């Protein structure tokens, strides 16, 4: 009969008292674990999507909104900008810029955004492999890995987009030319996984198209297409091999898109993602201020805006973290009280143990053991539920934040939670343990 | 074998209580008699190493118990002294047999479940081995208390008013059981009591006054 076995038997002999302390402790640990995982993944997700982009150009409005909309694809656009105004920044010979990706937003499919963009967006986000090929013609789309999985899209599938950025069947463009999937990207861990990409011109054409009811028969919706395929059984989705994306080919495709855009200065786009040639160039650093002061466009720096956003979200999670710590304190007090009251009830037991040869140190270890068992149970339960909670919340957050969350990960900060929890448990148990170790055998036995 | 000389204990702010010398050879049992307030419990706690005498000496076997302190005293107590209290108390969270195993652990002995069970069998409570102690009858609890006092094969068994709560029949049974097992284990049995029913059962008597 090990002394820690005795500790275990002692706490399980009073399951209700123990459960109360364990649950309180688990609640705080679960909350702290969840917040830690959430914070870590939000930060990683935000950082991943920075993708080396130095500046975003768009219509005047909120700079944070522009960044969220153009880089994270989670907010409405600030408005459109004319190509006339934007043309200087699309010039491949711009002295300060090493790359520019014009974006056209406005449509979606199954709540995933369709982004009209120059093909260089693939190199911006480090997309490495593709099944099929990059988009070339209008109405050809390349879909992100998550979109393909969630919407069951395959090469050569066709579909109609929905007007607006939300999944609203009433706004479906069920006429005109359907989109056709020509490529599926490998996972990048960035927002690209949740986008459908096509040429900027495609986005204009979807909206320019006159309402033409006869066109309905031309293409069929993807759902029809699929049911048809399954019914006849001779249409099989052949998955093509993943091939590496050729950056030279991408550049050529993008150049032709850029040329086409430049030829239509009266048209509008939503925004432009820019990369500097050098981040230390004085003129490049002044570009943001110059654009905002001297043009009708707005420039926003992703790094600055994301830091601002992170600080705002950080204060929210910070507040929750304090709540969790408060619960941890209540849990510690609950452990303390439950050990202390059981100590009073067990005074005679402890005197008996001393009679039978137990040293004061042994009683001390027994009570510390009880505190640690409760802490461990709460810790394990809390950490497991924190991770499961993150996994469950992940599927909800994924839609909102446009990148993946997982509960099945371990971040470095969790070691601190572990150590902190054990420290709290020890702290709660130490006074009762000292009290227990000091049990006066003679007095206790004489009093009965 | 136990021997005391000029034993006295002083409670803070009180006059010392002096005790007559006690000497028991191997297998000799003794009765300590006296009305309430004559220091019976104090003497029992001195003999059991729960209190340290302010004067005099206690020798159990070859050991001067009054010289032992701290860890050494705890260890000596665990290995050599078994005490049966007036009211049986146990660790509530443990079963009957687990209480015996814990007593082995506390004395620094290896757990010997077979020994614990055979001891319970000798005391006719083997059937209660896996019961929680507070579900057992008082009679069974008292026998378990005896088993616990015996489990580490002590040199001395001290019994504090073991019969005061029992009727005549059970009183006689309890004392003869204690005598019997003490003799079997070659231990000295010392019974502290004010119960006059026991007087004729043990020859050696020490009167406190």
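Protein chains in written order, with this note's numbering: chain G, 1298 to 1745; chain Y, 1011 to 1219.
Glycine residues also receive a C-beta, built at the ideal position from the N, C-alpha and C atoms.
All values reported here derive from a predicted model rather than from experimental measurement.
- Per DSSP, the unbroken beta strand (DSSP E) holding residue 1596 of chain G starts and ends at 1594-1597.
- Taking one beta carbon from each stretch, the segment 1585-1594 of chain G and the segment 1395-1414 of chain G have fewer than 3 pairs nearer than 8 Å; the two do not touch.
- Interface annotation for the segment 1629-1655 of chain G against chain Y: 1643, 1645, 1646, 1649, 1650, 1651, 1652, 1653, 1654 and 1655, criterion Cβ-Cβ distance under 8 Å.
- Between the segment 1682-1690 of chain G and the segment 1428-1436 of chain G there are fewer than three inter-stretch CB-CB distances shorter than 8 Å, so the stretches are not counted as touching.
- Per the coordinates, the alpha-carbon of residue 1648 of chain G lies some 32 Å from the alpha-carbon of residue 1213 of chain Y.
- In the three-state DSSP reduction, residue 1700 of chain G falls in the coil class, being neither helix nor strand.
- Close to residue 1093 of chain Y, with beta-carbon spacing below 8 Å, are these residues of chain G in chain order: 1652.
- Residue 1215 of chain Y has Y:1041 as its beta-bridge partners, per DSSP.
- Distance from the CA atom of residue 1102 of chain Y to the CA atom of residue 1311 of chain G, rounded to whole angstroms, is 10 Å.
- The Cβ-Cβ distance between residue 1083 of chain Y and residue 1044 of chain Y does not fall below 8 Å.
- For residue 1589 of chain G, the uninterrupted alpha helix (DSSP H) segment begins and ends at 1579-1591.
- Of the candidates G:1698, G:1463 and G:1694, G:1698 places its Cα closest to the Cα of residue 1343 of chain G.
- In this structure, residue 1497 of chain G sits near residue 1558 of chain G, with a CB-CB distance shorter than 8 Å.
- DSSP lists Y:1028 and Y:1065 as the beta-bridge partner residues of residue 1018 of chain Y.
- For residue 1085 of chain Y, the closest Cβ of chain G is nearer than 8 Å.
- The C-beta of residue 1058 of chain Y comes closer than 8 Å to at least one C-beta of chain G.
- If you draw a 10 Å sphere on the C-beta of residue 1735 of chain G, you find fewer than 16 other C-beta atoms in it, and that means exposed.
- A straight-line Cα-Cα distance of about 7 Å links residue 1074 of chain Y and residue 1067 of chain Y.
- Unbroken beta strand (DSSP E) stretches of 3 residues or longer found wholly inside the segment 1088-1160 of chain Y: 1091-1094, given in chain order.
- Per DSSP, the unbroken alpha helix (DSSP H) holding residue 1502 of chain G starts and ends at 1497-1505.
- Beta-bridge partners assigned by DSSP to residue 1404 of chain G: G:1411 and G:1460.
- The Cβ-Cβ distance between residue 1157 of chain Y and residue 1129 of chain Y falls below 8 Å.
- Exclusion of the five residues before and after residue 1098 of chain Y leaves 1151, 1152 and 1155 as the residues of its chain whose Cβ lies within less than 6 Å of its Cβ.
- Counting along the chain, residue 1384 of chain G sits inside the alpha helix (DSSP H) bounded by residues 1380-1387.
- Judged by DSSP in its simplified three-state form, residue 1568 of chain G adopts strand.
- With a threshold of 8 Å between beta carbons, residue 1204 of chain Y makes no contact with chain G.
- Collapsing the DSSP output to three states places residue 1356 of chain G in a strand.
- The continuous stretches of beta strand (DSSP E) do not include residue 1053 of chain Y, which lies in the alpha helix (DSSP H) extending over residues 1050-1057.
- Taking residue 1137 of chain Y as reference, the option from Y:1052, Y:1106, Y:1165 and Y:1053 with the minimal CA-CA separation is Y:1106.
- Assignment of residue 1396 of chain G by DSSP, reduced to helix, strand and coil, places it in the strand class.
- For residue 1199 of chain Y, the enclosing beta strand (DSSP E) begins and ends at 1198-1203.
- In the structure shown, residue 1642 of chain G falls within a helical segment according to DSSP collapsed to helix, strand and coil.
- Taking C-beta atoms under 8 Å as the contact rule, residue 1602 of chain G and residue 1374 of chain G fail to qualify, at a distance of about 15 Å.
- If you draw a straight line from the Cα of residue 1493 of chain G to the Cα of residue 1439 of chain G, it comes to about 6 Å.
- Closest in C-alpha terms to residue 1680 of chain G, from the list G:1721, G:1328 and G:1556, comes G:1328.
- With a cutoff of 8 Å on beta-carbon distance, residue 1380 of chain G and residue 1502 of chain G are scored as not near each other.
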